[in-house]
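The structure appears below as structure tokens.
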Amino acid sequence: MTLRDGGADVSVYAGHADGIDLCLFEPGDLTGESERRIPLPERAHGWWWGFVEGLGAGQRYALRARGPWAPDLGLRYNENKLLLDPYARGIEGAVRLGPESYAHKVRRSDWRGDGQIPSALDSAAHMPRGVVLDNGFDWGEDRPPGTPLTETVVYETHVKNLTMRHPAVPAELRGTYAGLAHPAVIEHLQRLGVTAVELLPVQASTSEAHLVQRGLTNHWGYNTLGFFAPHAAYASTTDPGGVLAEFKGMVKLLHAAGIEVILDVVYNHTCEGDSHGPTYSWRGLDNRAYYRLDDRGADVDFTGCGNSLNLRHPIVAQMVLDSLRYWVTECHVDGFRFDLAVTLGRGRTSEYDPDHPFLVALRVDPVLSRVKLVAEPWDVGPGGWRTGQFPPPFVEWNDRFRDSVRTFWLSDVRAAQHGHTGHGVRDLATRLAGSQDLFAARDRGPLASVNFVTAHDGFTLADLTAYNRKHNGANGEGNRDGTDDNRSYNHGREGWADASASILRDRRRSMRNLMATLLLANGVPMLNAGDELGRTQWGNNNPYCLDIEEMWVDWDLEPWREDLLETARFLTGLRRRHPVLRQRTFHTGQPVSADGSLDVAWYGTDGAELDTRAWESAATHTLQMLLDGAWLDTDSLLIVLHGGGRASSVNLPKAPGLLGYSLLWDSTWEHPSEGADSPAAQGAPLLPGTPVTVEAASLRVYRAQDPT
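Just so we're on the same page, my numbering is the position in the sequence shown counted from 1, plus 532.
Below, the structure written as structure tokens:
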């Protein structure tokens, strides 16, 4: 809907409909008693449109569609169902899910039916309304930070979870866009070294029937109701115009602090589910256009959520592109993380195509090609794992990094402590160096890899060290949901209760090992909100449906959590100060100076370069990574990673051109300041070849001194 003098132009795509009515409502009408229907008079190429006099900002509205009821052909028109405008910028109210929400007849007891009989129930009293908004907002001098990928540190967070328990955020702002932009939160992000927040879905969403029936909600929001409207529940106001203004205000304040805003967007499916699900918008307007269907009219599901949005259809692709441009041009966001992005690139044969027209459109669009585009490079369909196979300028979540780092520091440490071999160091080295095996194609470099150890989906950093198995009973799914491949290690006791002092000490060291490996590796690091604070979800690795205090970030920090926060700040600062950790191109392992120095060299415990046997051996637990910085006019760094179950003697490498090593950080330190009193850190530089004792399951960083 577009406002102009005297009214508004209204248009909607419903290619198989026989008629479309614009439905107008008075503010505050929740029952639909004030509904006034205006047929859209014009039709061409599947679009229905007309100019409606007297419409202005604040108008509440929806749509109704008339057409054939032919489920076997994928057509499910039902004039009794009120439909949201797919382009609604504001949404007022929430879905009141019940039998009225379904286009087909369902039982009141369980909301199930055979899907063939149309419902005679009207849904007006169960649906939210679209709201016409103007675009007025004072952006002032707002400018996108434009942070290069070499300097980017991403912080993935849920808008509500981050601030609901923050003592410095006023109670009325906790859990809101305004709360996330509160000075206390911004100060935390800045001191942590974060350059971008990646927000779990903020587009309007609703909950699935099975959650509503259990008294739960889709708290994470991966169940989109509207692609253009901010989720109103995250605002401190209930006025739809105020919701949008508050979102924009959050972006403006974060930008002023030098922090970019990346949105996690869900264009692979919608909240309508499969053909047995409710009808809110797209299904009622044109089920055959908006969704991928088989030849019997049933949904083709690559997402595990019941339906797959049909990006093969030009109108659907246009809607998604329009939505993305809206968030950039009108709301000034800096990029997007595409949930289950493989679904977006599946062509007519259902195979993933990196040159799918939608992906090409993103790459060449004058607006969208200039923002950060992050792919979650998998879905649940056949051939759905595609890490490393997206075209530039996409960057990708690197699940191989996650798995390799967890395996080295947790699974293999557990194995070593029980006298078993692990997986060696080859894969870890590949991840540290930027995952060239995955991202070398299509002229991509290490910055195409978004490295992470934890994310919203899975154990938190602290829980990785405290649980061997998931504990998802509160989700109401019999502990069947969530992954079983956690690669975690409880260090001898399951959970946080009654853990001994030695177990807690070892867990804290493992947290520091995992965090350090993430922040010292080549690529773009992503932190999961609260990991820097030792946040626990009590062993639940999939709390998508739990909007409860136990899942919100706890800001009441015990001393060890304060120490972990300081460690995180130190490590992001180390990354920021040393460009050798943030390279744009892959290492070659070749000489970069006349003295024979290599851009990267790998050494074993004896200080000699790793030979083939050591590289291939599952019994190799120690890796020394020497990054030469002289050719970059910066410091060289030596990173020593020891994943053995016992302390080990390690000889520092005798590398060309290096005079000695000064210890910068050791993961055995509870607080970075311990280095100030450490003889190893404060003494004279250690000569190459000097043996040092490295504690079990620990990591060290040395500054390598060259003649200059």
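Think of the CB as a built atom: it goes at the ideal place given N, C-alpha and C, for glycine as much as any other residue.
Here the region 853-871 lies against the region 788-797, with 3 or more beta-carbon pairs under 8 Å apart. In the DSSP annotation of this structure, the continuous segment of the alpha helix (DSSP H) that includes Trp1147 starts and ends at 1144-1148. Distance from Thr679 to Ala728 at the Cβ level is roughly 7 Å; contact confirmed, criterion being Cβ atoms closer than 8 Å.
Within the region 784-809, the complete beta strand (DSSP E) runs of at least 3 residues fall at 792-797.
Phe759 carries a strand assignment under DSSP once its states are collapsed to helix, strand and coil. For Gln745, there is no enclosing beta strand (DSSP E); the residue is found in the alpha helix (DSSP H) stretching over 741-745.
Judged by DSSP secondary structure, Asp818 falls outside any beta strand (DSSP E) and instead within the alpha helix (DSSP H) spanning 814-822. Under the three-state reduction of DSSP, Arg1019 is assigned to coil, being neither helix nor strand.
The three-state secondary structure of Ile847, taken from DSSP, is helix. Taking a C-beta distance under 7 Å as the contact criterion, Gly879 and Asp885 qualify as a contact pair. Rounded to the nearest angstrom, the gap between the Cα atoms of Gly1221 and Glu1064 is 35 Å. If you draw a straight line from the Cα of Thr1068 to the Cα of Asn610, it is about 46 Å long. By the C-beta criterion, the region 973-993 is judged to be in contact with the region 925-934, since at least 3 inter-stretch pairs fall below 8 Å. In this structure, Arg621 is the residue among Arg621, Gly560, Glu585 with its C-alpha nearest to the C-alpha of His763. Judged by DSSP in its simplified three-state form, Lys637 adopts coil rather than helix or strand. The distance from the Cβ of Val1182 to that of Leu1231 is about 12 Å, inconsistent with a contact at the 8 Å cut-off. In the DSSP annotation of this structure, Trp1201 is not part of any beta strand (DSSP E), being labelled neither H nor E. Rounded to whole angstroms, the Cβ separation of Leu1159 and Val1132 is 6 Å, and the two are in contact under 8 Å. With contact defined as three or more Cβ pairs closer than 8 Å, the region 1103-1112 and the region 713-728 are in contact.
Around the beta-carbon of Leu1191, fewer than 16 other beta-carbon atoms lie within 10 Å, marking it exposed.
Comparing C-alpha distances from Thr689 to each of Ala987, Ser655, Gln921 shows the shortest one belongs to Ala987.
Met1058 is bridged by DSSP to Val686.
Partner residues in the beta bridge of Val927, as assigned by DSSP, are Val906. Distance check between Thr1225 and each of Gln1237, Asp1038, Pro1204, Asp1198 places Asp1198 closest, using alpha-carbon atoms only. In its chain, beyond the 5 residues on either side, Gly990, Phe991, Lys1002, Asn1004, Gly1014, Thr1015, Asn1018 have a beta carbon closer than 7 Å to the beta carbon of Asn1073. Residue environment for Asn667: exposed (fewer than 16 other C-beta atoms within 10 angstroms of its C-beta). Spanning the alpha carbons of Arg568 and Cys555 requires a straight line of approximately 5 Å. About 6 Å separates the beta carbons of Thr708 and Ala767, which is inside the 8 Å limit, making them a contact pair.
Put simply, the region 832-851 does not touch the region 592-610. Fewer than three CB pairs are less than 8 Å apart. In the three-state scheme derived from DSSP, where H, G and I count as helix and E and B as strand, Met1047 is classed as helix.
Every beta strand (DSSP E) of 3 residues or more that sits fully in the region 852-884 is shown, in chain order, as 867-870.
In this structure, Val783 sits away from Tyr822, with a CB-CB distance that is not shorter than 7 Å. The beta carbons of Ala635 and Arg815 sit about 7 Å from each other, so the pair counts as a contact at 8 Å.
In this structure Ser1042 is buried. Its beta-carbon is surrounded by 16 or more other beta-carbon atoms within 10 angstroms. Minimum Cα-Cα distance from Thr962 among the listed residues Glu1082, Met1047, Trp1134 corresponds to Trp1134.
Counting only runs of at least 3 residues, the region 682-735 fully encloses the following beta strand (DSSP E) elements, listed from N- to C-terminal order: 686-689, 728-731.
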